[in-house]
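Taking it in order: structure first as structure tokens, then the write-up.
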Amino acid sequence: MNDMSSSPSLTTTPADQLLVPITVAYGDGIGPEIMTASLRVLMAAGAAIAPEVIDIGEQVYLAGNSAGISTDAWDSLRRTKVFYKAPITTPQGGGYKSLNVTVRKSLGLYANVRPCVSYAPFIQTKHPQMDLVIVRENEEDLYAGIEHRQTDDVYQCLKLVSRPGCEKINRYAFEYARAYGRQKVTCFTKDNIMKLTDGLFHKVFDEVAADYADIETDHWIIDIGAAKLADTPEQFDVLVMPNLYGDVLSDVAAQIAGSVGLAPSANIGEHGAMFEAIHGSAPRRAGQDSANPSGLLLAGVMMLVHIGQPKVAERVHNAWLKTIEDGVHTDDIFVAGVSKEKVGTAAFADAVIARLGQKPTQLSAVHYAATTGQSFAIPTASPRTPAVKDLVGIDIFVHATGAVEDLAAQLQQAIGGSYDLAMITNRGVKVWPNGLPETFCTDHWRCRFLAQPDKQFNKAMIVELLRNLTQLGVDFVKTEQLYTFDGEPGFSLGQGQ
Ligand code: NAD
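All residue numbers for the sequence shown refer to our numbering, where the first residue is 567 and numbers rise by one.
Put into structure tokens, the structure is as follows:
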């Protein structure tokens, strides 16, 4: 159905009565060329927008701002709440934070919406029937960016998944599907391995799905799901998934639809929205007038629908489809014999402008005006009653070399109450008691202490245990309390336990 919008008609103001302030960044590399081209098309189509230009990216980073964005730019973003952003170049080397992640998380843009549509036979693809939307969770998962080196051998990255985060993104996916007349929402997780984090995402997906009986649902383990997506993408409609999987698979989906150069994305939250192409700043193409502005232009279409200008969005999108159908193609999608005319960035924009008011005749035309009035509020998380939380033990992570039996004997000396050393794992695999000699061990041991049956465990015991371990010279590098929540364990078992 070719819809490109993230959430239809959030305002009721007709396009011709109000200039909506938007924050615009021209970015780096091909950014200025494709932003100039895209804004030219939007303005020619009658977009009622008042761009406020801010500087972000490479020059801001190199001027010493490690976040790549200045205070003034933040002020504009927080005022307009709509960000139309060209790609930026992240300088090589350490110390630079991802501007995208910073903007998404600071403004709470929790839903990343990426439509991936094929345009066969005009743009070459192995998947001519592909028309899906990936709704990627945008704030959580491994992107919390909390990483530590704990021992000589071992580094960790925390995967944080919250119930409100899962609820908002899953509900957004269903609301989106309903608003755009899509039939099915598919969830991808790896909950056979990550039973608590991905398990929560899947569980909440099922809970939310119960409120949308009109929409078909299914769930795939991410590995086979990804294989099916790459092989038969036409079987999918709306997909919802945690952050990292969505990041990877939306690039795959965009590429197999035809080109990453075509795909737009919207980042949506309660307090704002950001619209951009999914591709980067393609520095090698910069300044050559050869980049495809389509991803950014279609992101502009999503932005127009978001700010309540669906008719202008429809005009731009249909003119773009007609341009593609007429074989006017940029270098990245040009195929001799299929394409008719190879154009540069600016000439492509001219071609779209020349077709404003026209509709495609073979590709499906879009009808954004029809979505007016079907707007949905950006979902928020429902309040929850806190669970009854009981402390039942502790995992203590220890930096040590040597035999695990020696470590176990040392740890047992530190016990000063009605709890036991239950197991030791190395990278998650149980190595004590009864480990296998074949298991490869690093210098990083997870040592689990659990309360004896029907005995209490408390934080005073933890303090005493840690004091005893210190006196014994045990180098503990991290602790993780073990709780039950309403009687359910809030921790996973060791592999082999
Ligand atoms: P890239 O997306 O810039 O380029 C990958 C390939 O796709 C290149 O061959 C490029 O020529 C081609 N390509 C991309 N967009 C195109 C377009 N519009 N038209 C024609 N061809 C296009 O990815 P990269 O090379 O990995 O990254 C380059 C820089 O972009 C890096 O500094 C990276 O950090 C940054 N980046 C920024 C964003 C963003 O701002 N949202 C996203 C991804 C990467």
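The beta-carbon is built from N, C-alpha and C at its ideal position, and this holds for glycine as well.
CA nearest to the CA of residue i, picked from the options
i     : options                       : result
A611  : Q875, I899 and V997           : Q875
V878  : V909, I919, H895 and A913     : I919
Y985  : V958, T763, V995 and T967     : V958
Q928  : A915, E836, A969 and A885     : A885
L1035 : H837, Q979 and E703           : Q979
V954  : E1046, F1051 and D764         : F1051
R744  : V804, P694 and G595           : V804
V882  : P926, A852 and T896           : P926
D797  : Y934, K692 and L584           : K692
G1039 : Q1022, D718 and D972          : D972
Q854  : A913, F802, V806 and P1019    : A913
L977  : P1019, G1001, R1033 and T1005 : R1033
Where residue i falls: helix, strand or coil (DSSP)
i     : result
C753  : strand
F1049 : This sequence places Tyr at residue 1049; Phe is not what is there. Correct three-state label for Y1049: strand.
Y650  : strand
L698  : strand
N631  : coil
T951  : coil
E880  : helix
G721  : One point to set straight first is that residue 721 is Tyr, not Gly, in the sequence displayed. In this structure, Y721 counts as strand in the three-state DSSP scheme.
I620  : strand
K1044 : strand
S664  : coil
P687  : coil
L726  : strand
G923  : coil
H872  : helix
P859  : coil
P657  : coil
N1034 : helix
V932  : coil
I790  : helix
F771  : helix
L762  : coil
P799  : helix
R670  : helix
D641  : helix
K734  : helix
S1058 : coil
E706  : coil
Same chain, Cβ closer than 8 Å to residue i, neighbours up to 5 away in sequence not counted
i     : result
Q716  : Q722, F963, H965, H1010, V1043 and K1044
D784  : K750, T752 and C753
M1027 : G982, G983 and Y985
L1048 : L957, V958, G959, I960, D961, R1014, L1016, P1055, G1056 and F1057
P999  : A974 and M989
S816  : N678, R680, C682, I700, R702, A829, S831 and I844
R851  : G595, I596 and A857
Spatial neighbours of residue i in its chain, beta-carbon cut-off 6 Å, leaving aside the 5 residues before and after
i     : result
I890  : Y685 and F688
Y627  : G634, P657 and Y662
G939  : In this predicted model, G939 has a pLDDT of only 41, less than 50, meaning its place in the structure is not dependable; the value taken from the coordinates is given anyway. Same-chain partners within the cutoff: there are none.
I615  : V586 and I588
I944  : E836
D594  : G623, E624, I654, T655 and S847
S905  : G893 and H895
E1030 : G982
D898  : S825, G827 and N858
E518  : It is not possible to answer for residue 518, since the shown part of the chain is limited to 567 through 1063.
R921  : A885, K888 and T889
Residue i and residue j closer than 7 Å at C-beta
i    : j     : result
T656 : A633  : no
A549 : Y592  : This structure cannot settle anything about residue 549, because the visible part of the chain is limited to 567 through 1063.
V648 : A839  : yes
N858 : G903  : no
N992 : C1007 : yes
F841 : Y650  : yes
A947 : E733  : yes
F942 : E618  : no
K996 : G1060 : yes
F771 : P808  : no
K671 : E713  : no
T911 : A603  : yes
Cβ-based neighbour list, residue i, same chain, cut-off 7 Å, excluding 5 preceding and 5 following
i    : result
A917 : T889, V894 and V909
K756 : D764, I787 and I788
V683 : N568, M696, D697 and A823
G791 : F754
P849 : G595 and T655
Contact with chain C by residue i, beta-carbon distance below 7 Å
i    : result
Y627 : The displayed structure is made up of one protein chain only, and chain C is not part of it.
Counting only runs of 3+ residues fully inside the segment 805-829, write out the beta strand (DSSP E) ranges in chain order.
Counting whole runs of 3 or more residues, the segment 805-829 contains no beta strand (DSSP E) stretch at all.
Quick one: which unbroken beta strand (DSSP E) runs of 3-plus residues sit fully inside the segment 967-1027? Chain order, please.
Runs of the beta strand (DSSP E) inside the segment 967-1027: 985-992, 995-998 and 1010-1017.
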